[in-house]
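Chemist:
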Amino acid sequence: MKKIQIYGERCSGTNYLEELLRLNFHVEIVWDYGWKHFFGFSDLSNSDNVLFIGIIRNLEDWINSLYRERHHIPSHLTENIDTFLTNTFYSSDNNCEIMTDRNIDTGERYKNIYELRLVKNKYLIEKMPKLVNNYCLITYDDLVDNFLDTMNKLKNYGLQIKDSINFPLNVKYYKNHKDCLFIKKKILFQKKK
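In the working numbering, the protein residues as written are 14 to 206.
1) Applying the criterion that 16 or more other CB atoms from any shown protein chain within 10 Å of the CB defines a buried residue, is F180 buried or exposed?
2) Considering only C-alpha positions, which residue in the set R81, Y103, S105 is nearest to I94?
3) Please give me, in chain order, every unbroken run of the beta strand (DSSP E) with length at least 3 that falls completely inside the segment 111 to 173.
4) With DSSP as the reference, label E22 as helix, strand or coil.
5) For the alpha helix (DSSP H) that L30 lies in, which residues bound it at each end?
6) Inspect the CB distances between the segment 68 to 78 and the segment 32 to 41 and report whether three or more fall short of 8 Å.
7) Since I believe M14 is in contact with L64 (beta carbons under 8 Å), could you give me their beta-carbon distance rounded to a whole number of angstroms?
8) Once you ignore the five residues that flank Y29 on each side, which residues in its own chain have a CB closer than 6 Å to its CB?
9) Would you grab the beta carbon distance between Y46 and S60 for me? Rounded to a whole angstrom, and I think it's under 8 Å.
10) Please list, in chain order, all residues of the same chain as L98 whose beta carbon is under 7 Å from its beta carbon, the five residues on each side excluded.
11) Here's a check: name, in chain order, each residue in its chain whose Cβ is nearer than 8 Å to the Cβ of R23, leaving out the five neighbours to either side.
12) If distances are taken between C-alpha atoms only, which option among E110, E73, N71, L72 comes closest to S88?
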């Protein structure tokens, strides 16, 4: 496999995964089958030479990161945590709704962020393995906590390790900013125990 298409919701580790793939393997990251965050609407035919990788992150860290980072989220949805969690959820870019981030099943806006997560994770977990021949699902948490095992899992899909590296190489910087170290952020919203 030399081509890889990544799918995952915003703040689920897609940038980290992309950087690790480029650092460790002779691969080409492609977006031929849609943008990594807005998936489920693309034609996946003629993809036998592509490894699709889905990545999912635990709910608590994901929701906190997305609320903090606010990627493609209208400002009125982030006025406070209650609005963010309970209002109808949609994505926007320059005040225009991103139609490719509508509910994969209905074509409508998501009822709330929980429905967005449920629908997209269900797509990655249940539908993707049936739609393409080469699919690997990982979690951000395994990538961080079980780094070696997860990188070997990816390698076992036929990825060629780059010459003269001490596989696997990890990164400590944030989103390709080599001068900015990754620091775990504080939790704003916690599950009730």
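Backbone N, C-alpha and C fix where the C-beta goes; we use that ideal spot for every residue, glycine too.
Modeler: In terms of the structure at hand:
1) Exposed is the call here.
2) Of R81, Y103, S105, the smallest CA-CA separation from I94 is found for R81.
3) Correct list: 148 to 152.
4) Under the three-state reduction of DSSP output, E22 falls in the coil class, being neither helix nor strand.
5) Element bounds for L30: 27 to 37.
6) Verdict: no, contact absent.
7) Beta-carbon to beta-carbon, L64 and M14 are separated by about 4 Å, close enough to satisfy the 8 Å threshold.
8) For Y29, where only same-chain residues beyond five positions count, there are no Cβ hits under 6 Å.
9) Indeed they touch by this definition, with Cβ atoms about 6 Å apart.
10) Here the set comprises N125, I126.
11) Apart from the 5 residues on each side of it in sequence, R23 sits with its Cβ closer than 8 Å to the Cβ of H50, L79, E82, H84, H85 in its chain, given in chain order.
12) Nearest of E110, E73, N71, L72 to S88, Cα basis: E110.
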